[in-house]
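Each residue of the sequence shown is one higher than the one before, starting from 33 at the first, in our numbering.
The C-beta atom is built at its ideal place from N, Cα and C for all residues, glycine as well.
Here the structure comes first, spelled out in structure tokens, and everything after it is commentary.
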Amino acid sequence: MPTGGVLRTIVQVLCLLVALVCLAPPAQATPPVVLDDATARKVDELLDARTRAGTTDRAVQIERISARLLGTPYGANMLLGSANTPEQLVVDLRRVDCFTFLDYVDAASRSSTAEQFFDNLIAARYVDSRVEFTQRKHFFTDWASTPRISATDITADLSPAAVTTTKHLNAKADGTTFLPGVPVVDRAVTHIPSGAVDGGVVAGLRTGDFIGAYTPAAGLDVTHVGILVHTTDGPVFRNASSLAEHNQVVDTPLLEYVRTVPGILVLRPR
Numbered sequence: 033m034p035t036g037g038v039l040r041t042i043v044q045v046l047c048l049l050v051a052l053v054c055l056a057p058p059a060q061a062t063p064p065v066v067l068d069d070a071t072a073r074k075v076d077e078l079l080d081a082r083t084r085a086g087t088t089d090r091a092v093q094i095e096r097i098s099a100r101l102l103g104t105p106y107g108a109n110m111l112l113g114s115a116n117t118p119e120q121l122v123v124d125l126r127r128v129d130c131f132t133f134l135d136y137v138d139a140a141s142r143s144s145t146a147e148q149f150f151d152n153l154i155a156a157r158y159v160d161s162r163v164e165f166t167q168r169k170h171f172f173t174d175w176a177s178t179p180r181i182s183a184t185d186i187t188a189d190l191s192p193a194a195v196t197t198t199k200h201l202n203a204k205a206d207g208t209t210f211l212p213g214v215p216v217v218d219r220a221v222t223h224i225p226s227g228a229v230d231g232g233v234v235a236g237l238r239t240g241d242f243i244g245a246y247t248p249a250a251g252l253d254v255t256h257v258g259i260l261v262h263t264t265d266g267p268v269f270r271n272a273s274s275l276a277e278h279n280q281v282v283d284t285p286l287l288e289y290v291r292t293v294p295g296i297l298v299l300r301p302r
């Protein structure tokens, strides 16, 4: 039988534990996911592609999964939310923009079940998995700079011609912002000028690398993103293209695409 002193100690410890629980921040609940039938089937198809890849090599998984999205129609600005409108967790594989194409592929490559897919999608798309507009990874380099870190920026390692520029992400040249409610972030952004993307750079690229099209415009890091895939016909840039002649997920010869942009950034999935 515990003595009075022991009982007092037990009560004090219990009170302390209760206080700590009360002070702890509430866990972020996964928002409800409402899927249309076509998207639900496509999620299963992407997970099946990962399983059928028969390997834990993420490069192979990313290639197989992204191939299942070839031909998917392009849809602009697929995510919903703003500084004045609550963020919604969008899962819509009937159409994709260039960023949602990447985060669906990344999430599927990390998942074996639909539940894991939704959790990994949130982690890829939002800082600390908080489904809020201000926590959304609005910029390509966020993937290598904010938690969960999904990729490593390897641009500087690929070429001695790589150039680093300090960018004030989200700040327009006129002093306003692209995304009201989202803070301006100062970040060193490294790119390889398109004229320096040669055979040596291509040799350093791996299937599954994420490629961003660099822009010198104030407040932005890239204007488009996609996935590098090595094929028997050469490297291609797999991307959700908004061009009128495509308007869907396509494979574009990499060097042909590079000639149309100022340069590239390369992030390697972790």
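Residue environment, residue i, which counts as buried when at least 16 other CB atoms sit within 10 Å
i	result
I94	buried
L102	exposed
G86	exposed
R90	buried
E277	exposed
R157	buried
A220	exposed
G258	buried
L275	exposed
R82	buried
T173	buried
R142	buried
D218	exposed
A139	buried
D69	exposed
G32	The chain is shown only over 33 to 302; residue 32 falls outside these bounds and no answer can be derived.
Test item: CB-CB of residue i and residue j under 9 Å
i	j	result
G236	S191	yes
I97	L67	no
E164	G240	no
M110	T88	no
G222	T255	According to the sequence provided, residue 222 is Thr. The question's Gly does not apply to it. Not a contact, by the Cβ cut-off of 9 Å.
A194	I224	yes
W175	L260	no
R291	V281	no
Residue i versus the options, residue with shortest Cα-Cα distance
i	options	result
Y289	G266, R142, V221 and A194	G266
N116	L211, V254 and V281	L211
G207	A176, G251, T71 and G213	G251
R238	T263, V217, A220 and V214	T263
V229	F242, L125, S274 and L286	L286
R162	I243, D124, P118 and T184	P118
N279	V298, R73, N271 and P105	P105
V75	T247, C130, V137 and I243	V137
L134	S273, P294, G295 and T292	S273
G295	F269, T247 and I259	T247
T71	R126, I259, Q120 and F171	R126
A188	R73, P64, R302 and L297	L297
N152	R180, V234, V128 and C130	R180
V293	D283, K199 and A249	A249
Endpoints, alpha helix (DSSP H) assigned at residue i
i	result
R96	R90 to A99
G232	G231 to G236
For residue i, three-class secondary structure by DSSP
i	result
T187	helix
L134	helix
T83	helix
D283	strand
V65	coil
I181	coil
V53	For V53, the pLDDT reaches just 40, beneath the cut-off of 50, and the residue's location in the model is therefore unreliable, although a value from the coordinates is still provided. It is helical.
D153	Here residue 153 is Leu; the residue named in the question, Asp, does not match the sequence. Residue state, collapsed to three classes: helix.
G266	strand
D206	coil
T239	coil
D174	helix
G244	strand
R127	coil
V298	strand
R73	helix
A115	coil
S141	helix
S273	strand
The beta strand (DSSP E) enclosing residue i, as first and last residue numbers
i	result
R291	That residue, R291, is in no beta strand (DSSP E); it is neither H nor E in DSSP.
L260	V254 to T263
D218	V217 to P225
L102	That residue, L102, is in no beta strand (DSSP E); it is neither H nor E in DSSP.
K199	V195 to L201
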